[in-house]
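Asks: Have a look at this one before I ask anything.
There are 2 protein chains.
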Amino acid sequence: MSGIRAQQKEKTRRQLIDAALGQLSSERSFSSLSLREVAKEAGLAPTSFYRHFSDMDELGLTLVDEAGLTLRQLMRQARQRIEKGGSVIQISVVTFMEFIENNGNIFRLLLRERSGTSAAFRAAVNREVRYFTMELCDYLQQANKLDTKIAYIQADAAVTIVFSAGSDALDAETKDLEELAQRTIQQLRFIARGAAEFNGRR
Amino acid sequence: MSGIRAQQKEKTRRQLIDAALGQLSSERSFSSLSLREVAKEAGLAPTSFYRHFSDMDELGLTLVDEAGLTLRQLMRQARQRIEKGGSVIQISVVTFMEFIENNGNIFRLLLRERSGTSAAFRAAVNREVRYFTMELCDYLQQANKLDTKIAYIQADAAVTIVFSAGSDALDAETKDLEELAQRTIQQLRFIARGAAEFNGRR
DNA sequence: AATTTCAGTGTACACGTGTACGCTAGTTTT
DNA sequence: AAAACTAGCGTACACGTGTACACTGAAATT
């Protein structure tokens, strides 16, 4: 059972996913995509779409998973760079900004669906962001010997700040990106400083 | 020239605005509203819509302005409460959370259009948020004698954190709201503490 | 070799959309 | 009193939408 059939199916499924991702842009959100458009872009008859997803929603949730995966790759890359030494905060911000530059549309998807009209989408995005936050929380707890609760509060704030900066970066002109990055770094330092301070008093 | 005519026109214009606002909800975004729906809700024939707005976009931008107005009322209310004494941060967060509860759909509009597909909408929302940030910046500079730059960085971070908490509040269950508020307060304290610290070194 | 399964097709339908156009009736201006 | 203006209406059109349905041909199973 080589599965030459299942193999082909998987391939067209990917085509659909890639077609959808490919149509996303600053002026095109996932919810504005139609089943027909996506099918056409994938080189499929509209009705064939249903062989792979029962719904555009199902495709959308798959895309969010995909985005979560990309996010985790980002974390891995940041960790590797940090191991080689340097300011943790600065490396993290720079790495994240690179991610935005290379994966703008995927990040846009997360940002938009996070405040979108589907509760399922919002939950899915929040789940991905929570992974992100938890990983950072663990790191802070270990590296800075922070109280569990304080570490979480700091991680949550840091992720919020970084995501917001990413959102700004999507619309910013190139010349303003450096300033934006510097400000973000400074904000993360404020938070880290405050957290350390409060940690001392616990 | 009593303007009985212009008066009536203004009234129907308001009906359109209110109809649009009234249709917004957690599962209905402005961009998903159709001209026909809004006109119908306002008790108008579809084509009469054009007597007031050339576009749904024009209506939308009007709504964003409206939202900005509400935001400024919020600031005024917070200032009044602060004058009566108490923790500035706590009062601000509580006031903001009340705002979310009473104006959920207006806040949703801002959140969504901020990452939406129209550059004009994004710019309009960012403008309103900037007002908000600048006011806070001025306050911090005066009340805490902060360096201009540091005050701005702090204000920007604080607004980001508070807006993000507002976004979370929209989806949170009632029992979790208190914890969310407490965490937000703590995060703002981290930031304030960090800013004060760095201000000392300038 | 015969049968079943199923990814992909093409046709067809009802529906909601934005908006062009011509009209009416009440206000406003002359 | 006559003329011009205009908010709102109804009709009409072309277009894109999701999806039901019957179909084909190749792969998989028997």
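The listed protein sequences correspond, in order, to chains A and Y.
Letter by letter, the first sequence follows residues 54 to 255 in this note's numbering.
Letter by letter, the second sequence follows residues 54 to 255 in this note's numbering.
Backbone N, C-alpha and C define an ideal beta-carbon position, used for all residues, glycine too.
#1: Residues of chain Y with CB under 8 Å from A/D110, in chain order?
#2: Going by Cα to Cα distance, which pick from A/R175, A/F149, A/A177, A/F160 is closest to A/T237?
#3: Would a check of beta-carbon distances place A/A120 closer than 7 Å to chain Y?
#4: Can we say the segment 153 to 173 of chain Y touches the segment 118 to 132 of chain Y, given the rule of at least three CB pairs closer than 8 Å?
#5: To the nearest whole angstrom, what separates the beta carbons of Y/L223 and Y/S79, a pair I think is in contact under 8 Å?
#6: Can you give the Cα-Cα distance for Y/L199 and Y/L193, rounded to whole angstroms?
#7: State buried or exposed for Y/R165, treating a residue as buried only when at least 16 other CB atoms are found within 10 Å of its CB.
#8: What residues in its chain sit with their C-beta under 7 Å from that of Y/T115, if we drop five residues either side in the sequence?
#9: Locate the alpha helix (DSSP H) running through A/F185, then write down its first and last residues.
#10: Could you tell me the distance, in whole angstroms, from the CA atom of Y/I203 to the CA atom of A/E232?
#11: Pair every Cβ in the segment 57 to 70 of chain Y with every Cβ in the segment 128 to 145 of chain Y, then say whether three or more of these pairs are closer than 8 Å.
#12: Would you say A/R183 reaches chain Y, if we count a Cβ-Cβ gap shorter than 7 Å as a contact?
#13: Within the same chain, show all residues whose beta-carbon is closer than 6 Å to that of Y/L256, passing over the 5 residues directly before and after it, in chain order.
#14: Going by alpha carbons, who is nearest to Y/F256 out of Y/V117, Y/R167, Y/E119, Y/F83?
#15: Measure the C-alpha to C-alpha separation of A/F185 and A/V212 and round it to an integer number of angstroms.
#16: Tell me which residues share the same chain as A/G169 and place their Cβ nearer than 8 Å to its Cβ, disregarding the 5 neighbours each side in the sequence.
#17: Would the beta-carbon of Y/I135 fall within 7 Å of that of Y/G219?
#18: Excluding the 5 residues preceding and the 5 following A/Q68 in the sequence, name in chain order all residues of the same chain whose CB lies nearer than 8 Å to its CB.
#19: Does any residue of chain A bring its CB to less than 7 Å from the CB of Y/I244?
#20: Could you tell me whether the Cβ of Y/S41 comes closer than 7 Å to any Cβ of chain A?
#21: Expressed to the nearest angstrom, what Euclidean distance is found between the alpha-carbon atoms of Y/G139 and A/S87?
#22: So, is the C-beta of A/T201 closer than 7 Å to a C-beta in chain Y?
#23: Tell me the residue span of the alpha helix (DSSP H) that contains A/G247.
#24: What's the call for Y/E151, buried or exposed, on a 16-neighbour Cβ count within 10 Å?
#25: Residues of chain A with a CB under 8 Å from the CB of Y/I214: which are they?
#26: Determine the chain Y residues that contact A/F174 at a beta-carbon separation under 8 Å, and present them in chain order.
#27: Do we get a CB-CB distance below 7 Å when we pair A/I206 with the residues of chain Y?
#28: I'd like to know whether the C-beta atoms of Y/V117 and Y/V178 end up nearer to each other than 7 Å.
#29: Specify the secondary structure class of A/S101 as computed by DSSP and reduced to three states.
#30: Below 7 Å CB to CB, which residues in the same chain sit around A/N156 once its five sequence neighbours on both sides are set aside?
Replies: So, from the listed chains and residues:
#1: Correct list: empty, because the minimum Cβ distance to chain Y is about 12 Å.
#2: When C-alpha distances from A/T237 are compared across A/R175, A/F149, A/A177, A/F160, the shortest belongs to A/F149.
#3: For A/A120, the nearest beta carbon of chain Y is not closer than 7 Å to its own beta carbon.
#4: The way I'd put it, the segment 153 to 173 of chain Y does touch the segment 118 to 132 of chain Y; three or more beta-carbon pairs between them come closer than 8 Å.
#5: At roughly 7 Å, the Cβ-Cβ gap stays under 8 Å, so Y/L223 and Y/S79 are in contact.
#6: Between Y/L199 and Y/L193, the alpha-carbon positions lie close to 7 Å from each other.
#7: Under this definition Y/R165 is a buried residue.
#8: Around Y/T115: I70.
#9: Its alpha helix (DSSP H) spans residues 172 to 197.
#10: Taking the Cα positions, Y/I203 is about 14 Å away from A/E232.
#11: No contact exists between the segment 57 to 70 of chain Y and the segment 128 to 145 of chain Y.
#12: A/R183 does not count as touching chain Y.
#13: The structure shown does not extend to residue 256 of chain Y, since chain Y is modelled only from 54 to 255, so the question has no answer here.
#14: Residue 256 of chain Y is absent from the model: chain Y starts at 54 and stops at 255.
#15: So the alpha carbons of these two residues sit roughly 8 Å apart.
#16: Here the set comprises S84, R175.
#17: It is not a contact, given that the beta carbons lie outside the stated cut-off.
#18: Hits under 8 Å: A95, G96, L97.
#19: It does: the Cβ of Y/I244 has a partner Cβ on chain A nearer than 7 Å.
#20: In the structure as shown, chain Y starts at 54 and stops at 255, and residue 41 of chain Y therefore has no counterpart that could be examined.
#21: Distance between the alpha carbons of Y/G139 and A/S87 is about 52 Å.
#22: When Cβ-Cβ separations below 7 Å define contact, A/T201 makes no contact with chain Y.
#23: A/G247 -> alpha helix (DSSP H) spans 227 to 254.
#24: Around the beta carbon of Y/E151, fewer than 16 other beta carbons sit within 10 angstroms, so the residue counts as exposed.
#25: For Y/I214, the chain A residues whose Cβ falls inside 8 Å of its Cβ are A210, T213, I214, in order along the chain.
#26: For the C-beta of A/F174, not a single chain Y residue is nearer than 8 Å; the gap to the nearest is close to 11 Å.
#27: Taking Cβ atoms only, chain Y reaches closer than 7 Å to A/I206, which makes this a yes.
#28: Cβ atoms of Y/V117 and Y/V178: closer than 7 Å.
#29: Under the three-state reduction of DSSP output, A/S101 falls in the helix class.
#30: Sequence-distant partners of A/N156 (beyond 5 residues in either direction) whose C-beta falls short of 7 Å from its own C-beta, in its chain, are T123.
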